[in-house]
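For the sequence shown, numbering that gives the first Met the number 0 assigns the number 0 to the initial residue and increments by one for each residue that follows.
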Amino acid sequence: MQYFFLNANNSSLTSDVSHQVSRQTNFLATYFSSINWNQIISKAVTLLLSLVLLSLFFILVNWIGKRIIYRSFKTTRKNEHLTVNRINTIYTLSLNIFHYSVLFFYFYAILSVLGIPVGTLIAGAGIMSVALGLGAQGFVTDVVTGFFILLEQQFDVGDNVKIGQIEGTIHAIGLRTTQIIGYDGTLHYVPNRNITIVSNLSRNDMRALIDIYFDPTEDIKAMSLVIKKVNERLTPHFPDITKKPTLLGTVDNGSGALSLRVIIYTKNGAQYEIQRTFLAAYLEELTKAGFKINSSPINLTTA
């Protein structure tokens, strides 16, 4: 069995360790006691209150500004010299600019309240201008392209367009993106820099191109008379028809497929209903007359 004893040296070592721990404890106690907690709490409460009041102020400014813009454009919509789509386009763009302006001044005020030298940051931004410029090239291109889209009036809110592979109705036009609602209900966000070729389907009358395929042995003149009678009967019921239906006659679609082609010009948006109604009437009357109809593909294109 072994026994261990503390000698005098070990006793002095323990005393030194205890003394050092005591000094550190006293130092921490002195440090925390020297802190002016009342002043710190007061500054924190003042800062928090300032941020809350500042946020409430900008929320109020944002609400009042949007109400003013809404009322201004509500009055402008009564002006018959401006189209509704054009007014809606300028309205959404004005909301966009106002929103970004409020955000800019809000963050500027927040940084100022926090004591961050905004002026110094802006002056020092020149050092990073090259790096930021390279990263912001896409943003600048979006803004410039959006400006020229508005200047040239390529499309307005509510127009039916085809941009690249996307077809639908313009929902909103912003400084950076254009929003398009597809015909299936999907909301597409298209960066303005990606808009190169725009097919606007709302600026001109639409053309419904209807091909009625028939057997070559059928009496073409008799079929044409039936089609003309349908046109005379239905046309007065559709005021959206801008040009009366025209029977172009027999068309060779290749591979021995013959068809009677009818063209109807309508206002934008009305072509689908008119096309369905006329096609159904053609098929019904021709079938009743005993003619053999092979198929009737439809091709709707712009005028």
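For each residue, glycine too, the CB sits at the ideal point set by N, CA and C.
Status (buried if at least 16 other CB within 10 Å, exposed otherwise) for residue i
i: Phe103; result: exposed
i: Gln38; result: exposed
i: Ile273; result: buried
i: Pro244; result: buried
i: Asn159; result: buried
i: Asn303; result: Nothing about residue 303 can be read from this structure; the chain reaches only from 0 to 302.
i: Arg251; result: Reading off the sequence, residue 251 comes out as Asp, not Arg. Its Cβ having fewer than 16 others within 10 Å, Asp251 is exposed.
i: Ser111; result: exposed
i: Ser54; result: exposed
i: Ile126; result: Residue placement at Ile126 is poorly supported in this model, since its pLDDT is 48, which falls under 50; the coordinates still yield a value, given next. Classification of Ile126: exposed, given that the 10 Å Cβ count is below 16.
i: Phe106; result: exposed
i: Leu52; result: exposed
i: Val143; result: exposed
i: Ile40; result: exposed
i: Ile209; result: buried
Residue range of the unbroken alpha helix (DSSP H) whose run includes residue i
i: Thr286; result: Gln270 to Lys287
i: Leu224; result: Ile219 to Leu233
Pairwise C-alpha distance: residue j and residue i
i: Ala207; j: Val139; result: 41 Å
i: Lys227; j: Asn203; result: 25 Å
i: Asp239; j: Gly181; result: 24 Å
i: Asp183; j: Met222; result: 37 Å
i: Leu285; j: Leu200; result: 32 Å
i: Val229; j: Thr177; result: 43 Å
i: Gly137; j: Thr241; result: 43 Å
i: Arg66; j: Leu113; result: 30 Å
i: Ile290; j: Glu231; result: In the sequence under discussion, the amino acid at residue 290 is Phe, which differs from the Ile named in the question. Cα to Cα, the separation comes out at about 20 Å.
i: Thr185; j: Leu50; result: 39 Å
i: Ile148; j: Ala43; result: 49 Å
i: Ala171; j: Trp62; result: 20 Å
i: Gln153; j: Phe237; result: 29 Å
i: Leu150; j: Leu47; result: 45 Å
i: Asp214; j: Ile263; result: 24 Å
i: Lys287; j: Leu224; result: 14 Å
i: Lys73; j: Leu59; result: 21 Å
i: Leu259; j: Pro235; result: 22 Å
i: Ala108; j: Thr91; result: 26 Å
i: Ala256; j: Leu282; result: 17 Å
i: Phe56; j: His187; result: 34 Å
i: Phe97; j: Val261; result: 50 Å
i: Ile115; j: Thr45; result: 16 Å
i: Leu278; j: Gly64; result: 51 Å
Supposed contact pair residue j and residue i - C-beta distance, whole angstroms, cut 8 Å
i: Ile194; j: Ile179; result: Incorrect: roughly 10 Å between the Cβ atoms, too far for contact.
i: Gly157; j: Asn191; result: Contact doesn't hold; Cβ gap of about 18 Å is too wide.
i: Ile68; j: Ser100; result: Between Ser100 and Ile68 the Cβ distance is about 12 Å, and since that is not below 8 Å, they are no contact.
i: Thr276; j: Leu233; result: 7 Å
i: Asn293; j: Tyr212; result: 4 Å
Close beta carbons around residue i, own chain, < 6 Å, minus the five adjacent residues each side
i: Met205; result: Thr265, Asn267 and Gln270
i: Gly167; result: Ile179, Ile180, Gly181 and Tyr182
Chain-order list of residues whose beta-carbon lies under 7 Å from that of residue i (same chain, five-residue window excluded)
i: Ser71; result: none
i: Val189; result: Ile162, Ile165, Thr176, Thr177 and Ile179
i: Ile219; result: Thr249
i: Ser198; result: Val160 and Lys161
i: Ala280; result: Val229 and Leu233
Delimiting residues of the beta strand (DSSP E) encompassing residue i
i: Ile169; result: Ile165 to Ile172
i: Ile211; result: Met205 to Tyr212
i: Leu246; result: Ile240 to Asp251
i: Val197; result: Val197 to Asn199
i: His187; result: Leu186 to Pro190
i: Lys266; result: From DSSP, Lys266 is part of no beta strand (DSSP E); its letter is neither H nor E.
i: Val160; result: Asn159 to Ile162
i: Ile179; result: Thr176 to Gly181
Proximal residues to residue i (C-beta, below 8 Å), its chain only, five neighbours per side dropped
i: Ile141; result: One detail in the question is off: residue 141 reads as Asp in this sequence, not Ile. Same-chain partners within the cutoff: Leu174, Arg175, Thr176, Pro190, Asn191 and Arg192.
i: Ile196; result: Ile162 and Gly163
i: Glu217; result: Phe290 and Lys291
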